[in-house]
Structures are given as structure tokens and as C-alpha cells.
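Okay, so the sequence shown: first residue is 1 according to UniProt numbering, each after it adds one.
Just so you know, even glycine gets a beta-carbon here, dropped at the ideal spot from N, CA and C.
No experiment lies behind these values; they were computed from the predicted model shown.
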Amino acid sequence: MKITAVIMAGGRGERFWPKSRNACPKQFLSLTKDGETMIQKTVKRLRPLVDAEDVYIVTNAAYTDLVLDQLPDIPKENILAEPCARNTAPCIAFAAAVINRKYEDAIMLVLPSDHLIGYEDIYINTLRKAIKAAEKGKRLVTIGITPEYPETGYGYINFGEEKGDVYAVERFVEKPDLPTAKEYLASGRYLWNSGMFVWKISSVMLNLKTFMPDIYEGALRIGQAFGTPEFNETLVKEFTAFRSESVDFGIMEKAKHIYTIPGSFGWDDVGSWLAVERINETDDDNNFIDGDVIAIDSKRTTVCGGKRLIAAVGTRDIIIVDTDDVLLVCSKNNTQDVKKVIAQLKEESRNDLV
Numbered sequence: 001m002k003i004t005a006v007i008m009a010g011g012r013g014e015r016f017w018p019k020s021r022n023a024c025p026k027q028f029l030s031l032t033k034d035g036e037t038m039i040q041k042t043v044k045r046l047r048p049l050v051d052a053e054d055v056y057i058v059t060n061a062a063y064t065d066l067v068l069d070q071l072p073d074i075p076k077e078n079i080l081a082e083p084c085a086r087n088t089a090p091c092i093a094f095a096a097a098v099i100n101r102k103y104e105d106a107i108m109l110v111l112p113s114d115h116l117i118g119y120e121d122i123y124i125n126t127l128r129k130a131i132k133a134a135e136k137g138k139r140l141v142t143i144g145i146t147p148e149y150p151e152t153g154y155g156y157i158n159f160g161e162e163k164g165d166v167y168a169v170e171r172f173v174e175k176p177d178l179p180t181a182k183e184y185l186a187s188g189r190y191l192w193n194s195g196m197f198v199w200k201i202s203s204v205m206l207n208l209k210t211f212m213p214d215i216y217e218g219a220l221r222i223g224q225a226f227g228t229p230e231f232n233e234t235l236v237k238e239f240t241a242f243r244s245e246s247v248d249f250g251i252m253e254k255a256k257h258i259y260t261i262p263g264s265f266g267w268d269d270v271g272s273w274l275a276v277e278r279i280n281e282t283d284d285d286n287n288f289i290d291g292d293v294i295a296i297d298s299k300r301t302t303v304c305g306g307k308r309l310i311a312a313v314g315t316r317d318i319i320i321v322d323t324d325d326v327l328l329v330c331s332k333n334n335t336q337d338v339k340k341v342i343a344q345l346k347e348e349s350r351n352d353l354v
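Structure representation (C-alpha cells):
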């Protein structure tokens, strides 16, 4: 069966401000010293499984040129430009309907554009297992990440009976508090929810029809118009009418035949500036230094420099990010609060800095 990949690339990446902006969000940035952007890495690692002509990028219409520039091997017609943000369920329905127009049925890998994978061979083998499982019946397969510590920032997958290479999903649970996360870790029956899915087009379309019939019908009309002069008008009309809803809530928490495969392949969702020290090499004082930087008696400090010299003296557990128009200085304990800066800038109508 034909294998296709849908890369979800419409996010704003606000927790990576001020590098990540509305005009160029996180997935189009390089956060490692090899110079490759997040979305380039995502597509590149799929080469053993998926031909370039079968990779689809679902992104905001404003980012079409960025995708074309960074992924020149992807056919232009495979860049599916959302006219507005409507979360993952409409995103997936849009892509499924378009691919269904091309193929009678196919395997569909659904992957975020801004994750990093440490062990790509293991990752590809895990996806192969998921593909094999998804080919059977109407299974919806999700890749869960074997937890390494009691993380409170992720949703979890509670799994049950083993069925070959997959496990039946008992339930999806929201982000837990620390005591609950410790219980999940100790039980050995919970995985981090990575947001990666594998299924046949026919399987996900059946579940869209069952649980989200309005989005299913709208997506069908979009798919039928794809490649015709009426496509753009149909897309805007139908997509903007969709409600904003995640595929987890819209389908995965309600459907039958949900399975998961545990993954241990060096996954990192690169959720905030804290990730930079995890995904890059640090010095003997656990500092990550990039740019024209002098660090004296500094420990556990992340510095992402720009055009000017940065001197960090006696810093501890600090993140410093310099751009042409903004300097961010942030305690590592407050990285989630970067979004509050953006909110205040919007209130002050300083949208040129957002």
C-alpha cells in the first residue's frame, strides 16, 4: 500500500520568541548547529519510507513561500495552505481528503514538523511497525514515547493488552500534576502522547464521518474541488466554517480500535528554550553558547547570540537570546512565561515584535 506523510506545520512556536515570530515560526528555524531547520529535519528523516511526491505539508497560507524555499523537493501542489488556524482535526481531514483524491486508499503518517529525533534508525523501524499494524482492519495507531521521568507538560496514553507489536489504548489522559505523573511512571502502563499517528486514509475518514460529520462533509467538498479552478474558493468557505478541535478530542478519545506503539528513539518535542541545552552539546559548566559570547563564571546558562557581543558574568540557570530588535533574558524556571510577553506586546499593539 502507498505510504504518504502529512507534516503539520502551522504552529506559531510562541515559547521560542523572540527567534520565533509570526513571520517565521519555530518549525522554520534552525535550533541546532548543523544549520538544518526543524521542518527540513522532519522531512529528511522520512526518506527511507516516503517518496518526496507523497509528502504533504499542511501549513498556514502565510508560510507557503517558506515551505517552498526550505523544501524545494516537495511538489508545490503538496503544500496545503490553511486559510486560518483550526487545530489538528480539520488539518488532518483536509489532508486526508486531498490524498484520497489521488489514491483510492493509502497509509497516512501524521507528524508534527517541530520535533527532534535522536535515533533515526529506531524511529523508522517504529514507524514500519505502526504501518504494518495500521494496514489491518480499521486500526488507528499512535506512537507513544516511553517516559524517562515524571513529566507534567505532556498528555499521556494509558495502554493495556498487547496485540503483537501494538498495545490496545485504554484511555488518553490530560497533563497530570507531579504526584500523578510519578504514579504513571511507576506503573509502567503509560506513555507520553507524541502527537504522531499512523492509519489508512479509509480508517480516519470513517472515524471523521462517525464523530465529526460536519468536518468530514466539508473536507470531502475540499477534496473534490482540489485541482480545479474552484479549489481556493471552496477551501476558504469550508475550512473557515470548521470548528477548532484537536484530533485527540475529536476522534482518538472516542473511537474504537485505537492502538499504540511505544517508542524509544531520542524524541524531543523542543517545547521551550529549555530544550536547546538538551539537543546541543554543552561545555563543562553545562552552558550552551552560540554566537559572539564571553562567559565568565557562568553555569547552566544558554546564550543564543546575534550580531553583537554578549558578556555573561556570574550567571546561573539563565537563558539569553539576542535578535536584531529584542533581547530576552529569562530564568529557566520561567520559560513558559515567555508567552506572557507576547500577550502584553499584542495588548500594546506592538505587533512588529510578535
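Simplified DSSP assignment, three categories, for residue i
i    : result
E183 : helix
Y216 : helix
V110 : strand
Y154 : coil
I145 : strand
L345 : helix
F94  : helix
I289 : strand
E82  : strand
S331 : strand
A295 : strand
M8   : strand
S194 : strand
N351 : helix
V270 : coil
I74  : coil
R62  : In the sequence as displayed, the identity of residue 62 is Ala instead of Arg. Looking at A62 - three-state DSSP - the assignment turns out to be helix.
A311 : strand
F226 : coil
Under 8 Å between C-beta atoms of residue i and residue j
i    : j    : result
R45  : I117 : yes
I39  : S113 : yes
V303 : I289 : yes
Y184 : Y156 : yes
H257 : L345 : no
I79  : I261 : no
N207 : I279 : no
K200 : E135 : yes
E238 : N87  : no
E82  : G10  : yes
E151 : A181 : yes
L220 : A97  : yes
I320 : K332 : no
I145 : G263 : yes
Y56  : A133 : no
V329 : L353 : no
A89  : M212 : yes
A273 : F16  : Checking the displayed sequence, the identity of residue 273 turns out to be Trp instead of Ala. In this structure, F16 lies closer than 8 Å to W273 by Cβ.
T315 : T301 : yes
D292 : V313 : no
D285 : K307 : no
Buried or exposed (CB count within 10 angstroms, at least 16 for buried), residue i
i    : result
V350 : For the sequence presented, residue 350 should be read as Arg rather than Val. Counting Cβ neighbours within 10 Å, R350 comes out exposed, since fewer than 16 surround it.
Q336 : exposed
Q27  : buried
V270 : buried
P179 : exposed
K19  : buried
D54  : buried
S203 : buried
T126 : buried
P176 : buried
V67  : buried
T240 : exposed
P72  : exposed
Paired residues, beta bridge with residue i - DSSP
i    : result
K163 : V166
K200 : I107
T302 : F288 and I319
If we count Cβ pairs, one from each stretch, closer than 8 Å, do we get three or more for the region 187 to 205 versus the region 151 to 168? yes
Spell out a yes or no on whether the region 1 to 18 and the region 94 to 114 are touching, meaning 3 or more CB-CB pairs, one atom from each, closer than 8 Å. yes
At least three beta-carbon pairs within less than 8 Å, the region 118 to 133 to the region 221 to 229: no
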